[in-house]
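Chemist: One line per chain: the protein sequences are W and D, in this order. So the mapping is simple: this note's numbering equals the position in the first sequence, first residue as 1, plus 307. So the mapping is simple: this note's numbering equals the position in the second sequence, first residue as 1, plus 74.
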Amino acid sequence: MDPILHNELRLKIMAALDSLDDADFVYLKELTKATSGNLSVQLSNLEEAGYIKVSRSGEGRGSHTVCRITSKGTRALGDYQRALLSYFSK
Amino acid sequence: MEENFDALEVIARTRGKVEMDSTPTGNYLFILWGSLTALFYLLEFFLLKAGHSWAGWLWIGIPVIGLPLMYIMLRRGHERDHRRTRGSKLVLDYWIFAACAIGIGGTLFGFLDIYEIAENPLICLLVGIGSFITGEVLRFRTMIICGLAGAAIGIGAFCLQGDLWIWQTLAIVVVALVALVLPGVLFNKSVKSGV
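What follows is the structure, encoded as structure tokens:
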């Protein structure tokens, strides 16, 4: 089981981004009900793993963060779902 | 790091929520375009019956009124939303294609004076298919059924030829109500009740 994805908040972020072209920080925060700090940390973890691409524009209060899933992330999420399904079908 | 949660449930719930979130204006647009289409074509039907052949161009009033209203609604929606799903993009692309096809086709058929042959049934068909695709993306069964019903009426309208062609106009009114207004209202209701 992919340890990066086997975390509720990270999985929510990945599932949302897999359905969307891209999503900004405000929407992901509203969707996941996570705190800004926790969300930032998990986005960084996913970005470090190469599962998402984060682009930031502006600075301070006017800054805008947009996240997009990468092809590696899409593959990882697909593999993770298949692993779960095969586990439950045993 | 092992966590105790139902991962498949989390994925399904998140995707469902994203899909719902991405269509706040879609249901209102269905009601807007459906109502305008029904109203204008009903007027066109009665005017054509009364012998006013110019009423065949009355449809131009639909985009003239509908486009500015849609622009306002989409702008408001965009300010509230931060995202667009692949499904909602597909739906938008289809409706843009259908609107262009209806607009360009309507103008060409009108100038060539052959609109009574196929234009109106094609409009019904395009609208029905559009509602069907939208219903599939939103996983909203009522909209899928309404779309299929609209497309079926469109196919049936091809039979209204010769002296009966004026009744094709009424078929558009029925399709606008069945495939646009009705599913728009019902979807609106289901979103509000959180279904």
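Positions of the beta carbon are idealized from the N, C-alpha and C atoms, including for glycine. A quick note: this is a predicted structure, and the numbers were derived from the prediction, not measured.
Just to make sure I have the definition right: I need the residues of chain D whose C-beta is within less than 8 Å of the C-beta of residue 319 of chain W. Which are they?
Modeler: Simply 84 and 88.
Chemist: Reducing DSSP to helix, strand and coil, say where residue 340 of chain W ends up.
Modeler: coil
Chemist: Which same chain residues, not among the five before or five after residue 104 of chain D, have their C-beta less than 6 Å away from its C-beta?
Modeler: 254 and 258
Chemist: Of all the CB atoms in chain W, is at least one closer than 8 Å to the CB of residue 210 of chain D?
Modeler: no
Chemist: Under 8 Å Cβ to Cβ from residue 390 of chain W, same chain only, skipping five residues before and after it: list those, please.
Modeler: 308 and 309
Chemist: Of all the beta strand (DSSP E) runs that stay within the bounds of the segment 149-231 of chain D, which reach a length of 3 or more residues?
Modeler: Counting only runs of 3 or more, we get 157-159.
Chemist: Would residue 194 of chain D pass as a contact of residue 225 of chain D if the rule is Cβ separation under 8 Å?
Modeler: no
Chemist: Answer yes or no: do residue 122 of chain D and residue 240 of chain D have a C-beta to C-beta separation smaller than 8 Å?
Modeler: yes
Chemist: Are the segment 360-374 of chain W and the segment 331-344 of chain W touching, with three or more C-beta to C-beta distances below 8 Å?
Modeler: yes
Chemist: Using a C-beta to C-beta distance shorter than 8 Å, which residues of chain W count as neighbours of residue 165 of chain D?
Modeler: None at all; the shortest Cβ gap to chain W is about 14 Å.
Chemist: Report the three-state DSSP secondary structure of residue 75 of chain D (helix, strand or coil).
Modeler: At residue 75 of chain D, the pLDDT of 45 sits below 50, so the modelled position is not reliable; the number obtained from the coordinates is stated separately. Of the three classes helix, strand and coil, the one that applies to residue 75 of chain D here is coil, per DSSP.
Chemist: I need the straight-line Cα distance from residue 354 of chain W to residue 243 of chain D, nearest angstrom please.
Modeler: 56 Å
Chemist: Buried or exposed: which applies to residue 205 of chain D, given that a residue is buried once 16 or more other Cβ atoms fall within 10 Å of its Cβ?
Modeler: buried
Chemist: Applying the criterion that 16 or more other CB atoms from any shown protein chain within 10 Å of the CB defines a buried residue, is residue 269 of chain D buried or exposed?
Modeler: Only weak support exists for where residue 269 of chain D lies, its pLDDT of 35 falling under 50; the value from the coordinates is given anyway. It is exposed - the Cβ of residue 269 of chain D has fewer than 16 other Cβ atoms within 10 Å.
Chemist: Taking residue 322 of chain W and residue 88 of chain D to be in contact with their CB atoms under 8 Å, please state how far apart those CB atoms are, rounded to whole angstroms.
Modeler: The beta carbons of residue 322 of chain W and residue 88 of chain D sit about 4 Å from each other, so the pair counts as a contact at 8 Å.
Chemist: Helix, strand or coil for residue 326 of chain W per DSSP?
Modeler: Of the three classes helix, strand and coil, the one that applies to residue 326 of chain W here is helix, per DSSP.
Chemist: Please look up how many angstroms separate the CB atoms of residue 198 of chain D and residue 246 of chain D, rounded, as I've assumed it's under 8 Å.
Modeler: 6 Å
Chemist: So residue 372 of chain W is in the beta strand (DSSP E); what residue range does that whole segment cover?
Modeler: Residue 372 of chain W -> beta strand (DSSP E) spans 371-376.
Chemist: Please classify residue 420 of chain W: is it buried, with 16 or more other beta-carbons within 10 angstroms of its beta-carbon, or exposed?
Modeler: Any question about residue 420 of chain W goes unanswered here, given that chain W covers just 308 to 397.
Chemist: Is it right to say residue 214 of chain D is buried, meaning 16 or more other beta carbons lie within 10 angstroms of its own, or is it exposed?
Modeler: Residue 214 of chain D should be labelled buried.
Chemist: Under the criterion of a Cβ to heavy atom distance below 7 Å, does residue 204 of chain D qualify as lining the ligand NAD?
Modeler: Because no ligand of any kind appears in the structure shown, any question about the ligand NAD cannot be addressed here.
Chemist: In the DSSP assignment, what are the bridge partners of residue 331 of chain W?
Modeler: W/373
Chemist: Counting only C-beta atoms, is residue 91 of chain D closer than 8 Å to chain W at any point?
Modeler: yes
Chemist: Using 10 angstroms around the beta-carbon of residue 75 of chain D, count the other beta-carbons present and answer buried if the total reaches 16, otherwise exposed.
Modeler: For residue 75 of chain D, the predicted structure reports a pLDDT of 45, less than 50, and the residue's modelled location is therefore unreliable. A value from the coordinates is still provided. So residue 75 of chain D ends up on the exposed side.
Chemist: Classify residue 128 of chain D: buried if its beta carbon has 16 or more other beta carbons within 10 angstroms, exposed otherwise.
Modeler: exposed
Chemist: Using 8 Å for Cβ pairs, my map puts residue 92 of chain D next to residue 326 of chain W. What's the rounded Cβ distance?
Modeler: 5 Å
Chemist: What is the DSSP secondary structure of residue 96 of chain D, reduced to helix, strand or coil?
Modeler: In the three-state DSSP reduction, residue 96 of chain D falls in the coil class, being neither helix nor strand.
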